[in-house]
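J.:
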Amino acid sequence: MSRSSAPWSAGAARTTVRGASRAAAGWPRGRDAARARRGASADAGRVASSSDKRADGKPADERRPGVAPARLYIVLTCVPRCTRLAVGSLGTVTLERGWYAYVGSAVRGRRARVARHLAREKPRRWHADHLFAAFPARGAWLVDGAAGECALAAALAALPDAERRPPRFGAGDCRCAGHLVRFGRRPLRRDLAAAA
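Under our numbering, the first residue of the sequence shown carries the number 6, and numbering increases by one thereafter.
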């Protein structure tokens with residue numbers, strides 16, 4: 006089964022391939038599986054940018070020359086009507102009607118983090134957990150090569166019809182305006198790729 010370039014869905018996170026286990030389907034196991042997961046270039050929804058080298062001109066990742074460390078992701082959801090939502094340390098926030106792109110990062114286990122955002126039941130640990138519990142994720146993209154989640158959120162907010170809303174959402178560990186970007190209409194994948 007080949008992986009498509011479509012965004013992740015709940016079905017993409019399953020551990021079976023058409024009813025057979027991954028091992029029975031010929032998928033690599035153990036250390037080879039981990040290496041294959043890290044090196045898969047056709048990952049679900051991966052958005053790559055052109056900044057593949059560090060400032061000194063060397064590849065961003067010595068193990069895979071020419072590929073930036075895989076750590077950022079974007080999860081998209083839709084809020085169908087203006088809603089007030091209790092969000093942990095932020096208190097109650099107002100989410101206007103529209104599409105929201107949450108920018109996150111995971112130094113390790115990025116796919117697991119995205120799968121967590123896609124899961125229906127989970128403990129509410131981060132701001133995003135409250136958002137995706139109320140409004141399930143509609144898609145997710147892995148982003149390689151961006152400078153960081155704050156810079157990627159700023160680039161998304163610079164797109165037409167976009168703004169960071171509510172303030173400080175997802176930015177508990179930094180000083181930026183927030184990692185949640187609201188769009189008046191569903192953002193196109195090419196717009197997300199251009200921002201990355």
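By construction, the Cβ of each residue, glycine as well, lies at the ideal position given by its N, Cα and C atoms.
Remember, it's a predicted structure, so these values are computed and weren't measured experimentally.
What's the gap between the Cα of R86 and the Cα of G175?
T.: Approximately 21 Å between the Cα atoms of the pair.
J.: Once you ignore the five residues that flank F137 on each side, which residues in its own chain have a CB closer than 6 Å to its CB?
T.: Once the five neighbours on either side are set aside, the close Cβ partners of F137 are H122.
J.: Where does the unbroken beta strand (DSSP E) through A124 begin, and where does it stop?
T.: Per DSSP, A124 belongs to no beta strand (DSSP E) and is neither H nor E.
J.: Tell me, please, which residues DSSP counts as bridged to A91.
T.: Paired residues: T97.
J.: Per DSSP, E168 forms a beta bridge with which residues?
T.: R187, per the DSSP bridge assignment.
J.: Whole angstroms is fine: what's the gap from K63's alpha carbon to V112's?
T.: With a pLDDT of only 43 at K63, under the threshold of 50, the placement of this residue in the model should not be trusted; the figure read from the coordinates follows. Using only the alpha carbons, I get a separation of about 20 Å.
J.: Specify, as a first and last residue, the run of the alpha helix (DSSP H) that R195 falls within.
T.: Taken as a continuous stretch (DSSP letters only), the alpha helix (DSSP H) holding R195 covers 194–200.
J.: Going by the DSSP bridge assignment, what does A106 pair with across the sheet?
T.: In DSSP, A106 forms a bridge with L81, V186.
J.: Mind checking which residues open and close the alpha helix (DSSP H) that includes A134?
T.: The sequence shown places Asp at residue 134, rather than the Ala named in the question. Looking at the DSSP string, the run of the alpha helix (DSSP H) that includes D134 is 132–139.
J.: Can at least three beta-carbon pairs, one atom from the stretch 114–130 and one from the stretch 164–175, be found at a separation below 8 Å?
T.: Touching, no, given that fewer than three Cβ pairs across the two stretches are closer than 8 Å.
J.: Is it buried or exposed for R89, if we count other Cβ within 10 angstroms and need 16 for buried?
T.: Exposed, because fewer than 16 other Cβ atoms sit within 10 Å of the Cβ of R89.
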